[in-house]
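Participant: Please find one structure pasted underneath; my questions will follow.
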Amino acid sequence: MSTTNRVGIAADVAGQIMDWRLKFVSTVGEAKYRRAAGWAVDEVAKHAVLGIRKQFHKHLKSNTPWTESAIKYKRSSAAGLNAIEAGTNDAGLFSAVYVMPKQSTYLKYLFGVQDSTRLPGDVGLAQDKILIPFWQNISLAQGVQPTQYGGVPRGFLARLSREVAGIKARASTASRWGVYKGTITLHGQPRLAYIARPPRVPTGETQQIFSLRRGGRVVTVGRRMRDIDHPRILFLAVDLATYKPILEKPWEEACQAAAARIPEIMAAQLADNFAHAAAKRGGTRMAA
Numbered sequence: 084m085s086t087t088n089r090v091g092i093a094a095d096v097a098g099q100i101m102d103w104r105l106k107f108v109s110t111v112g113e114a115k116y117r118r119a120a121g122w123a124v125d126e127v128a129k130h131a132v133l134g135i136r137k138q139f140h141k142h143l144k145s146n147t148p149w150t151e152s153a154i155k156y157k158r159s160s161a162a163g164l165n166a167i168e169a170g171t172n173d174a175g176l177f178s179a180v181y182v183m184p185k186q187s188t189y190l191k192y193l194f195g196v197q198d199s200t201r202l203p204g205d206v207g208l209a210q211d212k213i214l215i216p217f218w219q220n221i222s223l224a225q226g227v228q229p230t231q232y233g234g235v236p237r238g239f240l241a242r243l244s245r246e247v248a249g250i251k252a253r254a255s256t257a258s259r260w261g262v263y264k265g266t267i268t269l270h271g272q273p274r275l276a277y278i279a280r281p282p283r284v285p286t287g288e289t290q291q292i293f294s295l296r297r298g299g300r301v302v303t304v305g306r307r308m309r310d311i312d313h314p315r316i317l318f319l320a321v322d323l324a325t326y327k328p329i330l331e332k333p334w335e336e337a338c339q340a341a342a343a344r345i346p347e348i349m350a351a352q353l354a355d356n357f358a359h360a361a362a363k364r365g366g367t368r369m370a371a
């Protein structure tokens, strides 16, 4: 697996768990407290991740299942909990929450305490520039619609890049406009863009020229042609993009909601220990 990006839990977990130490130690012992604490940390991580996933559709314009699956958690194994209970786990209590590497290339800009600036070169073809789609023009000139989640269809940009390089698709569609990469002026600034060139059609007028042949005969050489539209911007290239940390507050809220479950989790663990001890005592009496 590629390197993942760790995410911190934005809530006071340790303090709330420590509040239960005396209740455990005085009834079922220190070891059971350690195990319950390990379980509680895992549960907080789990519910924080599930909580932020549910918030994505409220804050992301182009939310996809792939994006929702970006934030994951890894809880302690049974062996890990046993080591925590026995006090032999040198790493202490922790549960890993992380963002998958591919999704992190854009999600990382949506966290933090202030606006983040994204420069080109993260992923895809936009190694030198960040490309902004103009969907109305793309639909008109290429017959391509955004995905159901608002994204660029897979392979579309790669096809445009090949066409710009002069490599035609084997199964090209006649209704598609030609594409080239050029510089336009936008708000007084030169901008690089993928531009669609409109098809040319006959005007209906016969075009005639004078032949230089002997006798000065007039010969018809074809019809006058015109563009059916003006060139359209498909993707505009920009040098940087600014993102607001729109996921930071939802993440904090998800962590706090998950941490608020600690009393319930620890109480359930203590009750399970009582029930297990009672069942064990009952079994001992029956054996006697």
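Here this note's numbering is used: the first residue of the sequence shown is 84, the next is one more, and so on. Glycine residues also receive a C-beta, built at the ideal position from the N, C-alpha and C atoms.
Against chain B, with Cβ distances strictly below 9 Å, would glutamine 219 count as a contact?
Facilitator: Looking for chain B here will not work: only one protein chain is present.
Participant: Going by the CB atoms, is the gap between leucine 243 and arginine 315 shorter than 9 Å?
Facilitator: Taking 9 Å as the Cβ cut-off, arginine 315 and leucine 243 do not qualify as a contacting pair.
Participant: Would you please state the rounded distance, in angstroms, between the beta carbons of alanine 320 and alanine 276? I believe it to be under 8 Å.
Facilitator: 6 Å
Participant: Tell me, to the nearest whole angstrom, how far the beta carbon of serine 160 is from that of aspartate 125; I am working on the premise that it is less than 8 Å.
Facilitator: Actually they do not touch by this definition, with Cβ atoms about 10 Å apart.
Participant: How many angstroms separate the CA atom of arginine 104 from the CA atom of alanine 123?
Facilitator: 13 Å
Participant: Per DSSP, what are the beta-bridge partners of valine 373 in this structure?
Facilitator: Only positions 84 to 371 of the chain appear in the structure, and residue 373 is not among them; the question remains open.
Participant: Buried or exposed for tryptophan 260, please, with buried defined as at least 16 other CB atoms from any protein chain shown within 10 angstroms of its CB.
Facilitator: buried
Participant: Taking only the alpha-carbon atoms, compute the straight-line gap between glutamine 339 and glutamine 99 and give it to the nearest angstrom.
Facilitator: Rounded to the nearest angstrom, the two C-alpha atoms are 12 Å apart.
Participant: What does alanine 361 pair with, by DSSP beta-bridge criteria?
Facilitator: According to DSSP, which records beta bridges pairwise, alanine 361 is partnered with nothing at all.
Participant: Could you give the distance in angstroms between the alpha-carbon of isoleucine 267 and the alpha-carbon of proline 273?
Facilitator: 6 Å
Participant: Tell me the DSSP secondary structure of methionine 372 in three-state form.
Facilitator: For the chain, the structure presents residues 84 to 371; residue 372 sits outside this window and is missing.
Participant: Is it right to say tyrosine 192 is buried, meaning 16 or more other beta carbons lie within 10 angstroms of its own, or is it exposed?
Facilitator: buried
Participant: Given 8 Å as the limit, is there contact between the stretch 345-361 and the stretch 146-157, that is, 3 or more CB pairs closer than that?
Facilitator: no
Participant: At the level of alpha carbons, what is the spacing between leucine 353 and leucine 164?
Facilitator: 16 Å
Participant: Taking only three categories from DSSP, how would you classify tryptophan 103?
Facilitator: Of the three classes helix, strand and coil, the one that applies to tryptophan 103 here is coil, per DSSP.
Participant: May I have a chain-ordered list of the beta strand (DSSP E) segments no shorter than 3 residues that lie completely inside the stretch 157-218?
Facilitator: 179-182, 199-201, 213-216
Participant: Output the boundary residues of the beta strand (DSSP E) element that contains isoleucine 316.
Facilitator: 315-321
Participant: If I measure Cβ to Cβ from asparagine 172 and keep anything under 6 Å in the same chain, skipping five residues before and after, which residues do I get?
Facilitator: Shown here for asparagine 172: same chain residues with a beta carbon closer than 6 Å to its own, the five before and five after excluded, namely Ala166 in chain order.
Participant: Counting only the same chain and skipping the five closest in sequence on each side, list residues whose C-beta sits under 6 Å from that of isoleucine 213.
Facilitator: Pro203, Val321, Ala324
Participant: Let me check one thing: in DSSP terms, what residues is proline 273 bridge-paired to?
Facilitator: Thr268
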